[in-house]
Amino acid sequence: MVEHPDAVTEILHNPDIVRSLIHCIEEENIAVAKQAIHSLSKLSHSKTGLDKLFHSDLLRVVKEVMATSDVVRYRIYELVVEISSVSPISLGYCANSSLISQLLCELTGDDVLIR
1 MVEHPDAVTE ILHNPDIVRS LIHCIEEENI AVAKQAIHSL SKLSHSKTGL
51 DKLFHSDLLR VVKEVMATSD VVRYRIYELV VEISSVSPIS LGYCANSSLI
101 SQLLCELTGD DVLIR
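All residue numbers for the sequence shown refer to the UniProt record's numbering, where the first residue is 1 and numbers rise by one.
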C-alpha cells in the first residue's frame, strides 16, 4: 500500500491511520509488526512523512508504544535505525527525537542482557 505515491499522500493526511500503524508494532504477530515497521519506514522517505512522525503528537504515540515492553521498544529502535539510514536529514530527525540517544544509552549501559 505505501508503495503507491497516492496512497502515501492519503495516509499522511490521515493521522489516525499513521497512529494505527504505530500501534501495529505492539502486535504479538511478528509479521504484522514487521509490516508496520516497513510501512512507517517508507512513509518517512519524504519530508512530509518525517514531519508527521517526528513533529506531531505521533512522536508521543511512538514513545508510549515503546513503553509497552522490551520487545516493542526494540521494534521501535529497529524502525528508528531504518529511518536513520535513509539520509542525513532523516538521521537528524531521529537524533532530534531523542530516540537514537535512548538506544545508545541502552547499548552502552551496564545491563549485559540488553547489550
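Heads up, the beta-carbon is just placed ideally off N, CA and C, and yes, glycines get one too. Just so it is clear, the structure is predicted and the values come from calculations on it, not from any experiment.
If you measure between the beta carbons of residue i and residue j, is that distance less than 7 Å?
i, j, result
"LEU58", "SER44", "no"
"SER90", "SER97", "no"
"SER39", "LEU12", "no"
"CYS24", "ALA7", "no"
If you run the structure through DSSP and keep just helix, strand and coil, what is residue i?
i, result
"ALA67", "coil"
"SER98", "coil"
"GLU27", "coil"
"VAL86", "coil"
"residue 153", "The structure shown does not extend to residue 153, since the chain is modelled only from 1 through 115, so no value can be given for it."
In whole angstroms, what separates the C-alpha of residue i from that of residue j?
i, j, result
"MET66", "ARG73", "4 Å"
"LYS47", "ARG19", "18 Å"
"GLU78", "THR68", "15 Å"
"ALA31", "HIS4", "21 Å"
"GLU106", "ASP70", "11 Å"
"LEU103", "GLU82", "13 Å"
Could you confirm whether any beta carbon from chain D is found closer than 7 Å to the beta carbon of residue i?
i, result
"ALA33", "Given the protein chain composition of this structure (a single chain), no chain D is represented."
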